[in-house]
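Below: one structure, written as structure tokens.
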Amino acid sequence: MPIELSFPRKRESSVFAARTVLSVVAAFALISPAAFAETTGIEGLFGVEIRVALARSAVSSDIAGEGGLLVASAESGARLNTGSVDRIAVRRDRRGIKLNTLVFPVKSIRVEAQGGIVSFNGKRYRGYLVLWDNDKGTFDVVNHVPMEDYLRSVVAMEMPKSWPLEALKAQTVAARTYALYRRQENAGTYFDVETDVMDQVYGGVAVENGFTDAAVEGTSGLVLKYENQLVKAFFHANAGERTENGEEVFRGVDVPYLKSVPCRYAKQSPYYVWQLSIRSQEIENALSRAGLFSGKITGISAHSHTRTGRVRFLKVQGRSRSELVEATAFRAAIGSTRIKSTRFSLRKQGQTFTFMGTGYGHGVGLCQWGAKGMAEAGKNFSEILSHYYPGITVSKDDFIATPE
254 MPIELSFPRK
264 RESSVFAART
274 VLSVVAAFAL
284 ISPAAFAETT
294 GIEGLFGVEI
304 RVALARSAVS
314 SDIAGEGGLL
324 VASAESGARL
334 NTGSVDRIAV
344 RRDRRGIKLN
354 TLVFPVKSIR
364 VEAQGGIVSF
374 NGKRYRGYLV
384 LWDNDKGTFD
394 VVNHVPMEDY
404 LRSVVAMEMP
414 KSWPLEALKA
424 QTVAARTYAL
434 YRRQENAGTY
444 FDVETDVMDQ
454 VYGGVAVENG
464 FTDAAVEGTS
474 GLVLKYENQL
484 VKAFFHANAG
494 ERTENGEEVF
504 RGVDVPYLKS
514 VPCRYAKQSP
524 YYVWQLSIRS
534 QEIENALSRA
544 GLFSGKITGI
554 SAHSHTRTGR
564 VRFLKVQGRS
574 RSELVEATAF
584 RAAIGSTRIK
594 STRFSLRKQG
604 QTFTFMGTGY
614 GHGVGLCQWG
624 AKGMAEAGKN
634 FSEILSHYYP
644 GITVSKDDFI
654 ATPE
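If you want the numbering used here, it's the 1-based position in the sequence shown plus 253.
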């Protein structure tokens, strides 16, 4: 599923605060970054890296590695003297980051598996991990992974492997472009994307398969550009008749390539038409928790619509007052898997509100079910992408492609 909201990223600290001399601190085995690279077998970036936040504000985690773990300061490259280990329990200690029984007074730690696959809390990932002390008494875990390996997992999570190859290719190019755009946006932070629908769903090694691998290989290095610039390639599950204009969902995203287009190929989706009935008390509780409305609700009606027919604002009526609530915020409060889109009508019967809608997701950019339908109708991935992102070009950036 695509991103629907955006949270600010924690900025990387450029100055590390002085720390108290530790009573129990592991020793540093100081070697140069070049020597560390030689020791770990790293010969440089495998194409372009993407930095994926696997965990935010973690209090504990377990890391394991095939062939043993290599641990170093992420800033200096200096090897940390953890001894020979293939499993590490990570905790945040008031004196620094604690690995098993040893405390290291550093801002960030790099952990790599000699066998190439590192395990975080039981899930296996390519690339390596960086543990970040976030100055909140917890730590963040970021997976640095080659872009094309990242896509092998993302495409497998975002689109069924049984779908046509041209649809999988369209998804791959959109996902690659989106990740690179986020990488540009977050250049001053220590991670680029998250692992769920806030960005792109990422499942690690376990979900990789030959079908989506073929889509990644078959589009190696291909990205979407508008006027020679990377586009923000939003995508969603099902548009329901037509896609939405970008500026209606994402503030400040008023660009030609995210304008509404018809979506005639997505009707086979089980979510093309949906219905939800929900008791008024449940809505009251949800809106109160979200800070959108408090008190008894006597009525809800659509106050305004976008040009494509989606609800923009709802009027929520109470016993003595009413409030205008943004439909996207209302949907998030109730649950975006329940109210599947803002393209809906509603009615009230007794104490129950029934929502009748079409489509699934924010509706901006590539419609995944539409891509499937277009591929089945004989369209290739470039034609699919050109339909959903009007005016774009599909081009190859050689620096993105994996080495021969």
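By construction, the Cβ of each residue, glycine as well, lies at the ideal position given by its N, Cα and C atoms.
query, result
"Inter-residue spacing [alpha-carbon to alpha-carbon] between Val426 and Arg345", "38 Å"
"Boundaries of the beta strand (DSSP E) in which Met609 is found, first to last residue", "Thr605 to Thr611"
"Beta-bridge pairing of Glu447 - partner residues as DSSP gives them", "Ala306"
"Thr561 vs Arg495 beta-carbon contact at 8 Å", "yes"
"Candidates Lys568, Ser573 and Arg574, of which the one nearest Ala580 by Cα", "Lys568"
"Cβ-Cβ distance between Arg572 and Lys549 below 8 Å", "yes"
"Continuous beta strand (DSSP E) stretch holding Gly571: start and end", "Val564 to Gly571"
"Residues near Thr465 by beta carbon distance below 7 Å, same chain, minus five either side", "Arg405, Val408, Ala409, Lys414 and Leu421"
"Alpha-carbon to alpha-carbon, Ala423 and Asn633", "8 Å"
"For Gln528, the residue or residues it bridges with in DSSP", "Met609"
"Identity of the residues DSSP links to Glu365 by a beta bridge", "Leu323"
"Contacts around Glu461, its chain only, beta-carbon distance under 8 Å, and the 5 residues preceding and following it disregarded", "Arg405, Ser406 and Ala409"
"CA nearest to the CA of Leu483, picked from Thr430, Gln528, Ala519 and Arg532", "Thr430"
"Own chain residues within Cβ distance below 6 Å of Val324, not counting five before or after", "Leu333, Thr335 and Val364"
"Stretch-stretch touch, CB-based, cutoff 8 Å, three pairs: the region 638-650 with the region 498-513", "yes"
"Span of the alpha helix (DSSP H), counted from its first residue to its last, around Trp416", "Counting along the chain, Trp416 falls outside any alpha helix (DSSP H), and DSSP gives it neither H nor E."
"Burial state of Gly371 (16 or more Cβ within 10 Å)", "It should be pointed out that residue 371 corresponds to Val in this sequence rather than to Gly. Answer is buried; the Cβ neighbour count reaches 16."
"Pick from His397, Tyr479 and Glu497 that is closest to Thr448, judged by C-alpha positions", "His397"
"8 Å contact criterion, which Thr607 and Arg600 should meet: CB distance rounded", "5 Å"
"Residues of its chain near Ser310, where Cβ-Cβ distance is below 6 Å and the 5 sequence neighbours each way are ignored", "Thr391"
"Cutoff 8 Å: Gln604 Cβ touching any chain B Cβ", "This model lacks chain B altogether, as it is built from one protein chain only."
"Range of the contiguous alpha helix (DSSP H) that encloses Val634", "In the sequence under discussion, the amino acid at residue 634 is Phe, which differs from the Val named in the question. Element bounds for Phe634: Phe634 to Tyr641."
"Residues that DSSP places opposite Val395 in a beta bridge", "Ala306 and Val383"
"Counted within 10 angstroms of its Cβ, other Cβ atoms place Arg379 as buried (16 or more) or exposed", "buried"
"Between the CA atoms of Val312 and Asp650 - distance to the nearest angstrom", "40 Å"
"Beta-bridge pairing of Gln482 - partner residues as DSSP gives them", "Tyr479"
"Closest residue to Glu535 among Phe583, Asn498 and Ala519 (Cα-Cα distance)", "Phe583"
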